[in-house]
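Scroll down for the structure; my scribbles are underneath it.
Residue numbers (the numbering used here): 8 to 435.
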């Protein structure tokens, strides 16, 4: 890109139900990334797309949220079940990161503290067992003496990693997603029979104490982390091979991913997983639902399982030089060198099996101009700036001049949120 003035903007696409896209009261799917007008001039730095809500951090440390608020997951507007435009969350200090789950939200502040709000039915806020929800941010006091460096929110569980590489987990423990069991693996059927113990406060994952973890991810029912040495460890539900193992067993404690390359990042989705490996190669594994693994719909693979599952990690064709990845319910995204955004998987055309709280019948979350499923990665070509999200600004103008680049992406249930850097000459 040119050396002119660059502006950071937030854009969203997909199902607009409940206000999760932040564009106000609009009708119809948004099928290209559409700039959120309510955040212009605020310089967003990071965004997280949850079940049906979105949270964003700006350059000055302000947190704004929008979307579904039925469990107070927005941290404001307690008398409104839906909020269609970004509104500020009151916090005592500047934020540096947010993480949105299905019905809860986490925030990491400059001091290394975590603030949480929303539903606490399974302990996902880490505030103890005496509250069902919190309509405003509360300090996760159990970690106030730790300096936290990263946070992650799954459907009903949460993760945090400290500046010294220790990992904490709390919330719903189904299928071993918290990683605290004494034994390593059990089949799904046996695990369901031995009972479950949710954690209402953060608990150290003892088996990771010596691993020097630098990155974490929380999916629907599984979790992952990456060490400084480039090892990936996963735990939780393995029913669809989302742990990257030959057997469809749950892992109740972290198990190392068997992959020939060093792993620098991992993303856990609904029932699939992604990783960035050495050299910027993206690998995928788990359930091949609607193309979320990024492979052709026709043909098979020796590591494939029943129903199209991929038991072991395999490179995603056509995605090279990856710098960031994101995994949603059944769709995936990657930012590759040069700020190019690629997406694949479920486009939303068939709706979901869930209520409007998690995802309705709309789509467009692949940002490709329609609500189709794509079984192979495609490049997002336009950034929409006007009403309706149609057409918009191509990534490259006359003479190949680059007009915008993607810098961060997050995939929710059936919406996608992105931070872009845009040239000053582009009208917004």
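Glycine included, C-beta positions come from ideal geometry on N, C-alpha and C. In this text the structure is predicted, and so the values were computed from the model without any measurement.
- Here residue 408 is exposed, its C-beta having fewer than 16 other C-beta atoms within 10 Å.
- The segment 116 to 125 makes no contact with the segment 46 to 56: fewer than 3 CB pairs, one atom from each, lie closer than 8 Å.
- The three-state reading of DSSP puts residue 142 in strand, counting E and B together.
- Contact between residue 179 and residue 236 is ruled out by a C-beta separation of about 30 Å, above the 8 Å threshold.
- Taken in chain order, the unbroken stretches of beta strand (DSSP E) that lie wholly in the segment 103 to 144 and span 3 residues or more are 111 to 116, 121 to 126.
- Between the C-alpha atoms of residue 377 and residue 104 there is a straight-line separation of about 31 Å.
- Straight across, the Cα-Cα distance linking residue 92 with residue 252 is about 42 Å.
- Secondary-structure assignment with DSSP links residue 339 through a beta bridge to 334, 351.
- Cβ-Cβ distances below 7 Å link residue 134 to 123, 127, 141, 145, 147 in the same chain, with the five nearest sequence neighbours on each side left out; the list follows chain order.
- If you draw a straight line from the Cα of residue 380 to the Cα of residue 273, it is about 23 Å long.
- Beta-bridge annotation (DSSP): residue 272 is paired with 283.
- For residue 204, the secondary structure class from DSSP, reduced to helix, strand or coil, is coil.
- DSSP places residue 50 outside any beta strand (DSSP E), giving it a letter other than H or E.
- When rounded, the separation of the alpha-carbon atoms in residue 88 and residue 28 is 15 Å.
- In the DSSP assignment, residue 72 is bridged to 62, 94.
- Apart from the 5 residues on each side of it in sequence, residue 352 sits with its Cβ closer than 6 Å to the Cβ of 297, 298, 299, 337, 338, 339 in its chain, given in chain order.
- By the criterion of a C-beta distance shorter than 6 Å, residue 343 is surrounded in its chain by 328, 329, once the five residues flanking it on both sides are discounted.
- The Cβ atoms of residue 280 and residue 241 lie closer than 8 Å to each other.
- Burial check for residue 265: the Cβ neighbour count within 10 Å stays below 16, so the residue is exposed.
- By the Cβ-count criterion, residue 143 is exposed, with fewer than 16 other Cβ atoms from all chains shown falling within 10 Å of its own Cβ.
- Sequence-distant Cβ neighbours of residue 149 in its own chain, meaning closer than 7 Å and more than five residues away, are 133, 208, 209.
- Going by beta carbons, residue 369 and residue 354 fall outside the 8 Å limit.
- Taking every protein chain shown into account, the CB of residue 217 has fewer than 16 other CB atoms within 10 angstroms, so this residue is exposed.
- Residue 74 holds the alpha-carbon nearest to the alpha-carbon of residue 111 among 421, 117, 74.
- In terms of Cβ geometry, residue 282 and residue 290 form a close pair [threshold 8 Å].
- Going by beta carbons, residue 59 and residue 72 fall outside the 8 Å limit.
- Bounds of any beta strand (DSSP E) do not take in residue 433, whose DSSP letter is neither H nor E.
- Between the alpha carbons of residue 78 and residue 139 lies a distance of about 9 Å.
- Put simply, the backbone Cα of residue 301 is about 9 Å away from that of residue 350.
- Residue 263: member of the beta strand (DSSP E) spanning 257 to 263, first to last residue.
- Annotation: the continuous beta strand (DSSP E) that includes residue 317 extends over 317 to 322.
- DSSP places residue 179 outside both helix and strand once states are collapsed to three, so it counts as coil.
- Residue 240 carries a strand assignment under DSSP once its states are collapsed to helix, strand and coil.
- Judged by beta-carbon spacing, residue 15 lies beyond the 8 Å limit of residue 285, meaning their Cβ atoms are not closer than that value.
- In this structure, DSSP gives residue 23 a state outside helix and strand, which the three-state scheme calls coil.
- The three-state secondary structure of residue 149, taken from DSSP, is helix.
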